[in-house]
Amino acid sequence: MIIIFAWAMSYFSFYLLYLSSDKQKKIVSVSKLAIIAQKPRVFKALAFGLFFTTFILLSQHYSYSVAFFSFWIFATPLIFLLVLRNNQLKSKK
Numbered sequence: 006m007i008i009i010f011a012w013a014m015s016y017f018s019f020y021l022l023y024l025s026s027d028k029q030k031k032i033v034s035v036s037k038l039a040i041i042a043q044k045p046r047v048f049k050a051l052a053f054g055l056f057f058t059t060f061i062l063l064s065q066h067y068s069y070s071v072a073f074f075s076f077w078i079f080a081t082p083l084i085f086l087l088v089l090r091n092n093q094l095k096s097k098k
């Protein structure tokens, strides 16, 4: 159960960081999530707080060194999935 929470919080944290980036400010400001574009520092702090909470959950389930590596094992495919989901990939023909 802790692993599922860690995965979900990591995904949500990366997604918050993606939405609060400067490149996405224009797109987010006209959507339902316009508050993220208005207060990006708050949401970046929330995302890093979720990262820290994820690390604490994993370190309680495993030891600290295993939690550090398992956090990055969770993070790598999540970043890859976010990149694939949010980039419109088109073939060059």
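Quick note on our numbering: the sequence shown kicks off at 6 and runs consecutively. Glycine included, C-beta positions come from ideal geometry on N, C-alpha and C.
Start and end residues, alpha helix (DSSP H) containing residue i
i: residue 89; result: 69–91
i: residue 97; result: First-last for residue 97: undefined, no H or E at that position.
i: residue 24; result: 7–24
i: residue 29; result: Looking at the DSSP string, residue 29 is not in any alpha helix (DSSP H), and its letter there is neither H nor E.
Nearest-angstrom Cβ-Cβ length linking residue i and residue j, presumed shorter than 8 angstroms
i: residue 72; j: residue 64; result: 4 angstroms
Residue i beta carbon near the ligand NAP (any heavy atom closer than 6 angstroms)
i: residue 95; result: By its list of ligands, the structure shown contains no ligand whatsoever, and the ligand NAP lies outside what it can speak to.
Own chain residues within Cβ distance below 8 angstroms of residue i, not counting five before or after
i: residue 7; result: 62, 63, 65 and 66
i: residue 15; result: 55, 56, 59, 76, 79, 80 and 83
i: residue 12; result: 79 and 83
Residues near residue i in its chain [Cβ-Cβ closer than 7 angstroms; skip 5 each side]
i: residue 22; result: 49 and 52
i: residue 36; result: none
i: residue 10; result: 62
i: residue 91; result: 23
i: residue 19; result: 83, 84 and 87
Beta-carbon proximity check, residue i vs residue j, cutoff 7 angstroms
i: residue 41; j: residue 33; result: yes
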